[in-house]
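Structure, as structure tokens:
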């Protein structure tokens, strides 16, 4: 499971949580290393073959990307093409082609603002503050205890108080770029909801249905192809969410760590292994991670 692919000399690298980024050279090494140990497969192809009783490789590995970051198009996509490795990218349908940012990135901008004072906002008094990436990651983690609507309200209040305007540049792909990927046989586009709302127990049924079903419809219409795979935002799900997703999609991936064994897997709660630069910058680190070692 990947999120962002950025070199260290890119300013975006230093504005992102440490656990979200892999450098391009490291990503290329990952594909080489994984390719030596596994058959690198298309998740869509693997799911179809497995569900239809077809033959499967003994050890398969599928590459996935969450969110639809522009840097995936800039840095990861050329490497995937060069090495002819298939991948699945889960896009947040209503954010594609906009300058909107996910609330964790908006929070980092707030924390790094020169006029930010944690005592100015009640919600900020109990979280770590400062420009350090690790502290920002801790703050994001703590705010995830609250539902998205509450967090977004706090973020918007702080942005207004600090006069933080919408960014002039896009962090995510536009529709033309996503369409280019979708048309290539190496890439499968899946849904990551409409607005990256976490499918928690405190999300109302109407919103949950909208996030799951409308995102599929929106992507299918824009890309003129079926959208059969889903990714739970932040890995959050409930029994109700999984039941809804199962009605719409062939598969769904979580952020729960593990290996998917055909005899025991849940098609709509597939396990994944997240990798990031600090934990996978060498082949040894990567394989320890993939082996699900601590």
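Residue numbers (the working numbering): 7 to 300.
For every residue, glycine included, the Cβ atom is placed at its ideal position computed from N, Cα and C.
Where the alpha helix (DSSP H) through residue i begins and ends
i	result
residue 183	181–188
residue 291	289–296
residue 224	221–229
residue 215	211–215
Endpoints, the beta strand (DSSP E) within which residue i is located
i	result
residue 71	69–73
residue 279	Residue 279 -> no beta strand (DSSP E), and no H or E assigned at all.
residue 257	257–263
C-alpha distance - residue i paired with residue j, whole-angstrom precision
i	j	result
residue 203	residue 269	31 Å
residue 300	residue 44	Note that residue 300 scores 47 on pLDDT, short of 50, meaning its location in the model is unreliable; the coordinates nonetheless yield the value given after this. Looking at the two C-alpha atoms, the distance is approximately 21 Å.
residue 195	residue 82	15 Å
residue 56	residue 130	48 Å
residue 73	residue 121	30 Å
residue 63	residue 275	21 Å
residue 166	residue 290	46 Å
residue 48	residue 192	8 Å
residue 112	residue 16	18 Å
residue 283	residue 106	25 Å
residue 262	residue 119	34 Å
residue 205	residue 288	34 Å
residue 54	residue 266	15 Å
residue 243	residue 273	14 Å
residue 24	residue 186	29 Å
Close-in-space but distant-in-sequence residues of the same chain around residue i (CB under 6 Å, 5 per side omitted)
i	result
residue 220	200
residue 224	99
residue 253	none
residue 260	238, 241 and 275
Beta-ladder partner(s) of residue i, from DSSP
i	result
residue 96	72 and 196
residue 178	75
residue 236	197 and 258
residue 10	27
Cβ shell of residue i (< 8 Å), same chain only, five flanking positions each side left out
i	result
residue 18	10, 12, 77 and 177
residue 197	96, 97, 99, 218, 221, 222, 225, 233, 235, 236, 237 and 255
Beta-carbon proximity list for residue i, same chain, < 7 Å, skipping 5 on both sides
i	result
residue 66	44, 45, 47 and 52
Q | Complete runs of the beta strand (DSSP E) confined to the segment 34–90 [at least 3 residues] | A | 69–73
(Q) Report the start-end ranges of each alpha helix (DSSP H) in the segment 117–146 that is 4 residues or longer and not cut off at the edges. (A) none
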